[in-house]
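S.K.: The structure's right below; bear with me while I get my questions together.
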């Protein structure tokens, strides 16, 4: 069954997921429990203005939020690349986005 899910227009990137399971972690003391929702991403929608010529997402332009812990958050304002040491060239190509770039050509 295919459906046309509702999406948030203001969001530059949206994921369509298929639900897999929920894992409930118990709270500590008076804190409530925490639910972790696990799903499989089946489709990704990205506004064209956030895609670089090499096919990667322009995270500097996107400036996504990241939770640091406590009440602290940050946003990405710069980017750098750090290649992981690995012997498997296919794994490195996948991590570099080469498989995404090749599929767009």
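In my numbering, the protein residues as written are 28 to 132. Every residue, glycine too, gets a C-beta built ideally from N, C-alpha and C.
Which residues bound the beta strand (DSSP E) around residue 89?
M.R.: As a first step, residue 89 is located in the chain shown; it is residue number 62 there, counting from the start. Counting along the chain, residue 89 falls outside any beta strand (DSSP E), though it belongs to the alpha helix (DSSP H) covering 86-89.
S.K.: Determine whether the beta carbon atoms of residue 83 and residue 54 lie at a separation below 8 Å.
M.R.: Here the question's residue 83 lines up with position 56 in the chain shown. Here the question's residue 54 lines up with position 27 in the chain shown. Going by C-beta atoms, residue 83 is not nearer than 8 Å to residue 54.
S.K.: Tell me the DSSP bridge mates of residue 104?
M.R.: Residue numbering aside, residue 104 sits at position 77 when the chain shown is read from its first letter. Answer is none; residue 104 lacks a bridge partner.
S.K.: For residue 79, which three-state DSSP category applies?
M.R.: The count along the chain shown starts at 1 and reaches residue 79 at position 52. Correct three-state label for residue 79: coil.
S.K.: Going by beta-carbon coordinates alone, are residue 73 and residue 40 separated by less than 8 Å?
M.R.: The residue you call residue 73 lines up with position 46 of the chain shown. The residue you call residue 40 lines up with position 13 of the chain shown. For residue 73 and residue 40, yes; Cβs fall inside 8 Å.
S.K.: Is it true that the CB of residue 103 sits closer than 8 Å to the CB of residue 91?
M.R.: Numbered from its first residue, the chain shown carries residue 91 at position 64. Numbered from its first residue, the chain shown carries residue 103 at position 76. Going by C-beta atoms, residue 91 is nearer than 8 Å to residue 103.
S.K.: For residue 61, which option in 67, 50, 68 and 110 has the closest C-alpha, if you only look at C-alpha atoms?
M.R.: By 1-based counting over the chain shown, the position of residue 61 is 34. When only C-alpha atoms are compared, the closest one is 50.
S.K.: Just the C-alpha distance for residue 76 and residue 37, rounded to the nearest angstrom, thanks.
M.R.: Start at 1 with the first residue of the chain shown, and residue 76 comes out as number 49. Start at 1 with the first residue of the chain shown, and residue 37 comes out as number 10. So the alpha carbons of these two residues sit roughly 13 Å apart.
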